[in-house]
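Those sequence lines, one after another, are chains A and B.
Numbering (numbering that gives the first Met the number 0) for the first sequence: 0 to 439.
Numbering (numbering that gives the first Met the number 0) for the second sequence: 0 to 487.
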Amino acid sequence: MKKQTIESEAEAALVHAKQLGADQAAVTVSSGKGFSVKAQNRSIETVEHYEDQAFSITVFVKKSMGSATTNNLSKDSLLETTEKALSLASLTAADECNGLADSNLMATEPIDLDLHHPWKLDMGKAQTMALECEQAALESDPKVDNSEGATVGTYESHSLYANSHGFVGATNTTGHTISCTAVASENGSMEMDYEYSAARKAEDLLDHEKIGYKAGIQACSHLGARKIKTQKAQVLYSPRAAKSLISHITDAISGTSLYRKASFLLDSMDQHICPDYLTITEQPHLKSSFGSTYFDGEGVKTKPRTLVEQGVLRGYLLSSYSARRLGLTTTGNAGGHHNLLIEPTLSGGLEEIIRTMTTGLVVTDLIGYGVNIVNGDYSRGANGFWVENGEIQYPVSEITIAGNLKNILQQILVIGNDCERNSAIHCGSILIDDMMVAGQ
Amino acid sequence: MAEDRTTINDPDIALSKAKSILLDPFNLDDHDLSLMLSTLLSSGGEMGDIYFQAISHESWTLEDREVKNSVHSNRQGVGFRSILGEKSGLAYSEVFEKESLLQAAKAAGTIATDRKQMTYRVNPKTSQQILYPLLNPINSLVDENKVKLLRSIDASARARDHRVKEVVAMLSGNYQVVLVVSHEGELKADIRPLVRLGVSVIVEANGRRERGSSGGGGRHGYEFFDQDMLKNYAAEAVDQALINLEAIDAPAGEMTVVLGSGWPGVLVHEAIGHGLEGDFNRKKTSAFSGLMGEKVASSICTVVDDGTLEGQRGSLNIDDEGEETQRTVLIENGRLCNYMQDKLNAKLMGSHSTGNGRRESYSTQTIPRMTNTFMMAGPHEHDEIIQSVDSGLYAKNFGGGQVDITSGKFVFSASEAYLIKHGKLDAPVKGAMLIGDGPSALKQISMVGNNLALDPGVGNCGKEGQTIPVNVGQPTMRIENLTVGGTN
């Protein structure tokens with residue numbers, strides 16, 4: 000839909016909701032378009048075209064809330080959807096904490112965050128790239144004899160959020176990806192690994208052949224993986240695995256976990272949750288990044304801030320609802336966190352940290368979600384490499400790593416500078432002093 | 000608002016109802032379908048389909064003793080797939096106008112580059128399999144009673160123990176109307192109801208807080224949840240949380256593990272199920288590739304995928320390619336005898352679809368997926384299996400699991416577990432991840448119980464970014480040398 004049409008549809012829905020008795024209302028209208036191609040076995044296996052649209056409305060009537068969404072954007076359907084939201088609000092119980100975020104918090108001045116860069120990529124070029132990417136994986140090593148495919152994709156989306164305070168915010172973004180999953184085999188056993196790149200600008204993507212090559216080499220590096228003995232050990236999380244550790248912190252400091260008292264970081268504000276060399280900042284205005292936005296899911300202005308300052312918890316992740324539940328003010332995190340930057344403590348990455356380890360485990364991948372946010376108990380499947388005297392000895396698999404997140408965070412020794420920018424968490428390798436590794 | 004049972008089980012109803020929802024309002028008829036099909040396949044596609052779908056979903060959430068949140072959503076679209084050899088093209092339209100639909104058909108077809116002129120005749124086909132009532136579950140109960148239902152489960156949970164501090168319960172209903180036109184012109188329909196109720200509680204004692212959860216559901220209207228069932232869900236969630244209050248650190252290392260019946264069938268799903276999906280085996284990326292006819296499990300193991308169980312969450316009258324679902328024996332007495340197939344992978348592997356072609360929605364590819372997957376019962380009593388273990392772990396209930404298809408390594412996380420000492424249950428232990436190697440774990444199954452049970456109907460399975468409802472199941476089972484990921 001055209002920009003003016005979207006805006007007028009959104010405004011019409013807000014007016015309609017008010018006429019039907021809503022005290023407050025908020026509307027999101029979005030549309031997106033893109034395609035992806037996948038090469039496998041040296042030929043193109045799938046071509047997918049995407050074209051999506053959606054309308055959603057939330058209404059508040061005497062502090063009761065109702066929400067409805069549809070992807071049928073005909074006039075009748077939009078009216079019906081608005082009426083549905085109102086009818087749900089007439090059945091749900093009132094909550095004093097419900098409502099839009101306060102009007103003085105709205106992000107009235109748009110900031111251009113450079114998030115919209117359509118990729119001038121035709122289907123033929125995309126197919127060639129996917130084929131070359133897979134080819135690079137297959138040629139990286141004779142042991143790479145198969146793949147789960149190489150994918151090249153691009154997506155462009157337009158979204159508009161408007162609420163009855165009169166706030167209107169538009170977000171136009173693009174996202175491009177190249178990924179490859181290689182399969183290596185030796186002596187009848189197989190291992191796979193992947194590599195990918197995602198960016199808002201095509202020129203920020205890693206070279207497709209390098210991605211394929213890396214996927215292939217990584218898959219080979221896991222061949223011959225074995226179990227290790229059950230023991231306590233230092234554990235080094237690769238940047239890919241380290242992001243998950245940070246996400247456990249963000250889950251535990253999210254407003255919903257806090258007001259439900261379902262968090263291992265309950266009542267931890269201004270307390271040391273990590274060693275004092277750890278600092279995490281939230282940077283919602285980084286140019287061209289995945290976690291960038293000038294307003295949150297409620298139209299609230301976002302601001303750079305410090306979440307963990309020299310090991311001390313300084314901020315929660317709150318929406319207006321969870322903030323009111325806690326007697327606090329929203330932090331502009333309706334919909335989740337924005338870019339999180341974990342400051343490195345070292346001018347080196349994974350390889351430099353390995354050199355400092357006497358013995359220990361490098362974890363490249365984690366599987367299964369064995370994390371209890373309520374009490375911090377942590378137990379996950381892992382694979383990676385065993386390190387002795389500062390060098391990788393052999394690949395490891397079929398083991399678990401376990402501990403309690405409260406202790407794990409306190410045992411962070413080093414954070415590398417090998418940070419990846421593929422997502423909203425910008426974090427390098429993390430070395431943890433002492434975890435239980437279960438194997439044989 | 001409850002619909003009349005005599006009409007909702009009539010197979011002809013599915014087709015006429017689907018047409019009245021997906022074609023008639025947009026003035027689309029058989030002639031339009033033929034035109035779309037010839038546009039889709041005009042570039043040389045050998046196979047393909049058109050998939051019309053309307054999805055309605057609602058959820059009601061209780062928290063702080065009140066239902067304060069309710070969300071309703073409607074989604075509709077038409078997916079076009081064209082297949083030539085191993086290649087497949089997908090495009091869809093969410094706009095039900097002829098021009099948009101033909102444009103999507105053409106886009107999906109461009110995977111092939113030949114030109115051919117064909118005319119297709121569309122033949123409506125009635126599916127004979129009716130495994131669930133053809134109703135909209137959202138209309139099966141008035142909204143006020145959905146609120147009452149959630150309040151009653153909250154009251155049960157709080158009445159069960161004074162240490163219950165928080166109760167969060169969610170009731171959801173999903174209604175899908177599907178119309179599939181195959182490349183042969185066959186037109187088939189399905190009406191799919193699905194309900195689910197989940198309850199999660201937090202208990203607190205002496206400053207320690209723990210969570211417990213329970214729930215159930217299936218392909219029914221909301222009347223499925225009777226008062227006894229609600230009480231049971233509440234009791235299960237509370238009891239599990241109270242047990243966790245007492246739990247000591249879980250052990251770490253290899254040991255004998257006894258898995259309970261029902262939901263622990265996540266093991267069967269992860270360790271075996273995914274590895275036997277046709278696509279991974281055609282591409283030879285599964286740890287089970289090339290093992291057809293071979294002994295892959297101990298001979299007491301028989302594993303089945305059965306999409307024809309009445310009212311179960313993973314059941315379907317027809318799969319998303321219009322094929323009737325069936326009962327497929329995957330492993331018989333330890334020997335691998337079948338893969339789960341969709342049409343594409345079956346054709347490329349020289350076999351037949353097993354009715355396992357599923358897609359999350361019109362906007363995603365159809366791939367081989369599980370339905371209800373379980374291990375058949377064996378000879379042993381549950382107690383006999385526990386008594387046989389001198390030292391080990393009894394994992395009664397589980398959270399989710401995950402598998403690396405290629406290496407065969409799988410995990411699943413225990414949410415309620417006990418130590419076994421000298422044949423008796425001992426202290427409860429904290430949640431821990433269990434990890435194993437699919438092909439070797441199956442050979443380490445040493446006892447299978449006679450108490451086969453399916454999970455209560457809450458499971459989802461994710462593959463290639465697509466989430467679909469499934470069931471898992473198994474009887475009590477003893478496995479040697481599984482690695483338990485505790486801290487002790």
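C-beta: ideal position from N, C-alpha, C; glycine also.
By how many angstroms is the C-alpha of R191/B removed from the C-alpha of D433/A? Indexing the first sequence from 1 puts residue 433/A at position 434. Indexing the second sequence from 1 puts residue 191/B at position 192. Answer to the nearest angstrom: the Cα atoms are 50 angstroms apart.
Sequence-distant residues of the same chain with beta carbon closer than 7 angstroms to T307/B, five excluded per side: Locating residue 307/B in the second sequence gives position 308, counting from the first residue. Result list for T307/B: Q128, L130, S314, T324, Q325 and R326, in chain order.
Touching or not, the stretch 4-21 of chain A and the stretch 75-86 of chain A, by the rule of three or more beta carbon pairs under 8 angstroms? yes
Helix, strand or coil for H115/A? Go by DSSP, reduced to three states. For the purposes of this step, residue 115/A is taken as the residue at position 116 of the first sequence. H115/A: coil per DSSP, three-state reduction.
Cα separation between Y338/B and E387/A? For the purposes of this step, residue 338/B is taken as residue 339 along the second sequence, with counting starting at 1. For the purposes of this step, residue 387/A is taken as residue 388 along the first sequence, with counting starting at 1. Cα-Cα distance, rounded: 43 angstroms.
Give the interface partners of T38/B over in chain A, defined as CB-CB distance under 7 angstroms, in chain order. Residue numbering aside, residue 38/B sits at position 39 when the second sequence is read from its first letter. Within 7 angstroms Cβ-Cβ: nothing; T38/B doesn't reach chain A, min ~14 angstroms.
Taking C-alpha atoms, which residue in P263/B, E209/B and M228/B lies nearest to A246/B? Stepping through the second sequence from its first residue, residue 246/B is reached at position 247. Selected option, being the one with the closest Cα: E209/B.
I'd like to know if the stretch 344-353 of chain A and the stretch 111-129 of chain A are in contact, where contact means that at least 3 CB-CB pairs between them fall below 8 angstroms. no
So is T71/B in contact with chain A if we call contact Cβ pairs under 8 angstroms? For the purposes of this step, residue 71/B is taken as residue 72 along the second sequence, with counting starting at 1. Looking at the sequence itself, residue 71/B is His, so the reference to Thr does not match. So, interface residue.
Based on Cα-Cα distance, which residue from D454/B, V295/B and K16/B lies nearest to G437/B? For the purposes of this step, residue 437/B is taken as the residue at position 438 of the second sequence. Ranking the options by Cα distance to G437/B, first place goes to V295/B.
Could you tell me which of V176/B, V66/B and L148/B sits nearest to G76/B, measuring between CA atoms? Reading the second sequence from its first residue, position 77 is the one you call residue 76/B. Closest by alpha carbon: V176/B.
Can you give me, in chain order, the residues of the stretch 30-47 of chain A that have a beta carbon less than 8 angstroms from any beta carbon in chain B? Q39, N40, S42, I43, E44, T45, V46 and E47
Consider the Cβ of A270/B: report whether some Cβ of chain A lies at a distance smaller than 8 angstroms. Your numbering for residue 270/B matches position 271 in the second sequence. No - not a single Cβ of chain A is within 8 angstroms of the one on A270/B.
Members of the stretch 357-386 of chain B near chain A, C-beta cut-off 8 angstroms: S362 and Q364
Let me make sure I understand the geometry here. Which of D206/A, Q392/A and L159/A has the alpha-carbon closest to that of T358/A? The count along the first sequence starts at 1 and reaches residue 358/A at position 359. Out of D206/A, Q392/A and L159/A, Q392/A has the C-alpha closest to the C-alpha of T358/A.
Residues in the stretch 67-79 of chain A having any Cβ partner in chain B nearer than 7 angstroms: A67, T68, T69, N70 and N71
Give the C-beta separation of L178/B and S58/B to the nearest angstrom, bearing in mind that I take them to be a contact with Cβ-Cβ under 8 angstroms. As a working mapping, residue 178/B is identified with position 179 in the second sequence. As a working mapping, residue 58/B is identified with position 59 in the second sequence. L178/B to S58/B, Cβ: 26 angstroms. No contact.
In chain order, what residues of the same chain have a beta carbon less than 7 angstroms from the beta carbon of M432/B, not counting five sequence neighbours either side? Position 433 of the second sequence, counting from 1, holds the residue named residue 432/B. Contacts found: V410, S412 and G484.
Against chain B, which members of the stretch 90-101 of chain A pass a CB distance test of less than 7 angstroms? L90, T91, A92 and D94
Leaving out five residues on either side along the sequence, give the residues of the same chain with a beta carbon under 8 angstroms from the beta carbon of S318/A. Translated into the one-based positions of the first sequence, residue 318/A becomes position 319. Same-chain partners within the cutoff: A100, G254, D295, G296, E297, T329, N332, A333 and G334.
Local Cβ density within 10 Å of R41/A, reported as buried at 16 or more and exposed below that: As a working note, residue 41/A is residue 42 in the first sequence. By the 10 Å Cβ count, R41/A comes out exposed.
Where does P303/A land, buried or exposed, given buried means 16+ other C-beta within 10 angstroms? Position 304 of the first sequence, counted from the start, is the residue given in the question as residue 303/A. With fewer than 16 other Cβ atoms within 10 Å, it is exposed.
Could you tell me whether any Cβ in chain A is nearer than 8 angstroms to the Cβ of R191/B? The residue given as residue 191/B occupies position 192 in the second sequence. It does not; no Cβ of chain A falls within 8 angstroms.
Less than 8 angstroms separating the beta-carbons of I110/B and S81/B? Your numbering for residue 110/B matches position 111 in the second sequence. Your numbering for residue 81/B matches position 82 in the second sequence. The answer is yes: Cβ separation under 8 angstroms.
Give me, in chain order, the residues of the same chain whose beta-carbon lies closer than 8 angstroms to that of I279/A; leave out the 5 immediate sequence neighbours on both sides. Within the first sequence, the letter at position 280 stands for residue 279/A. The answer, listed in chain order, is I245, I248, T305, L306, V307, L339, L340, I341 and E342.
Three-state secondary structure assigned by DSSP to G484/B: Within the second sequence, the letter at position 485 stands for residue 484/B. The answer is strand: DSSP assigns G484/B an E or B state.
Interface residues of the stretch 436-467 of chain B facing chain A [CB-CB below 8 angstroms]: D436
Select from G389/A, V143/A, K209/A and H336/A the residue whose C-alpha is nearest the C-alpha of M128/A. To locate residue 128/A, count along the first sequence from 1; it is residue 129. The residue with the shortest Cα to Cα distance from M128/A is K209/A.
Taking beta-carbon pairs under 9 angstroms, can you tell me which members of the stretch 152-183 of chain B lie near chain A? K164, E165 and V167
Given 8 angstroms, three or more beta-carbon pairs between the stretch 366-377 of chain B and the stretch 468-477 of chain B: yes
Taking only the alpha-carbon atoms, compute the straight-line gap between S237/A and K408/B and give it to the nearest angstrom. In the first sequence, the residue the question calls residue 237/A occupies position 238. In the second sequence, the residue the question calls residue 408/B occupies position 409. When rounded, the distance between both Cα atoms is 20 angstroms.
Tell me the residue span of the alpha helix (DSSP H) that contains S220/A. Counted from its first residue, the first sequence places residue 220/A at position 221. Where S220/A is concerned, the enclosing alpha helix (DSSP H) stretches over H207 to S220.
Less than 8 angstroms between CB atoms is the rule here; does M0/B satisfy it with respect to chain A? Taking the first residue of the second sequence as 1, we reach residue 0/B at position 1. Residue placement at M0/B cannot be trusted, given a pLDDT of 36 that sits under 50; the coordinates are not used to answer.
What separation, rounded to the nearest whole angstrom, lies between the Cα atoms of Q52/B and T38/B? Stepping through the second sequence from its first residue, residue 52/B is reached at position 53. Stepping through the second sequence from its first residue, residue 38/B is reached at position 39. Going from the Cα of Q52/B to the Cα of T38/B covers about 20 angstroms.
Report yes if the CB atom of A158/B is closer than 8 angstroms to the CB atom of V200/B, and no otherwise. Stepping through the second sequence from its first residue, residue 158/B is reached at position 159. Stepping through the second sequence from its first residue, residue 200/B is reached at position 201. Contact flag unset, no.
So within the stretch 65-102 of chain A, which uninterrupted alpha helix (DSSP H) runs reach at least 4 residues, ignoring any that extend past its ends? 74-88
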